[in-house]
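Last residue of the sequence shown: 261 (the numbering used here), numbering continuous.
Scroll down for the structure; my scribbles are underneath it.
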Amino acid sequence: MRPEPVAPVVDIDVVPSTPVGSASVRSPIGPVPGLWRRMACWLYEGMLLFAVVFVAGWLFSTLGQMRDAMDSRRHLLQAFLFVVFGIYFGWFWSRGQTLAMKTWGLRLVDRRGRPVTQARATLRYLLCWIWFLPPLAVIAPFRLSGGESALLVAGWVVVWALLARFHPERQFWHDAWAGTRLVTSRPMSRH
Numbered sequence: 071m072r073p074e075p076v077a078p079v080v081d082i083d084v085v086p087s088t089p090v091g092s093a094s095v096r097s098p099i100g101p102v103p104g105l106w107r108r109m110a111c112w113l114y115e116g117m118l119l120f121a122v123v124f125v126a127g128w129l130f131s132t133l134g135q136m137r138d139a140m141d142s143r144r145h146l147l148q149a150f151l152f153v154v155f156g157i158y159f160g161w162f163w164s165r166g167q168t169l170a171m172k173t174w175g176l177r178l179v180d181r182r183g184r185p186v187t188q189a190r191a192t193l194r195y196l197l198c199w200i201w202f203l204p205p206l207a208v209i210a211p212f213r214l215s216g217g218e219s220a221l222l223v224a225g226w227v228v229v230w231a232l233l234a235r236f237h238p239e240r241q242f243w244h245d246a247w248a249g250t251r252l253v254t255s256r257p258m259s260r261h
């Protein structure tokens, strides 16, 4: 029986310099996808999550016999969805890609280019809440309207995404903190 080939360990501290306006940055592990591509994947992931929310919400509501959205157990439903999202992302990320990432040609790896462990995927999931928690923490105390809330969340998402420009390899900061990296898994077709 032949041993499986092992991916070479790469020192990721060595990053070639790139122009500030370049669409994607080269790293020793592979090209880092551009911000627009990552954000398009992020939006597509959000659309796909509607199906996950629908099925999980239906399951919770049916089994819990919830009568309406104002049921006193809505916070329990939110906690349930938090766990369901964690399982969804943890499972897919530990295998390298969600469906949206496959569609947009992105792959999640650790700092050395290896597959992400379940523990690292879970850490990334928790850190990804930085995309939403700061604005959500402001909405209730200031009693913001729906429009104001949407504007605040959208503004924060834009600011957080643009902060990736300050990372040496243009990675999102939650990826840097989690020890993960988004890389291009295949070139996007221009046809």
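Note that CB positions come from ideal geometry on N, CA and C, so glycine has one too.
Since the model is a prediction, treat every value here as computed from it, not as a measurement.
A residue is called buried once 16 or more other Cβ atoms fall within 10 Å of its Cβ, and V102 is buried on that count. In this model, V179 and L214 are separated by some 38 Å (Cα to Cα). With a threshold of 16 other beta carbon atoms within 10 Å, M171 meets it and is buried. For the pair of segments examined, the stretch 201-216 was found not to touch the stretch 151-162: the number of CB pairs separated by less than 8 Å stays below three.
DSSP assignment within the stretch 164-204 yields the following whole beta strand (DSSP E) runs of 3 residues or more, N-terminal first: 176-180.
With distances taken between CA atoms, A149 lies nearest to F130 out of F130, Q135, F202 and R137.
Counting along the chain, no alpha helix (DSSP H) covers R143, and no H or E run does either. W174 places its beta carbon less than 8 Å from that of A110.
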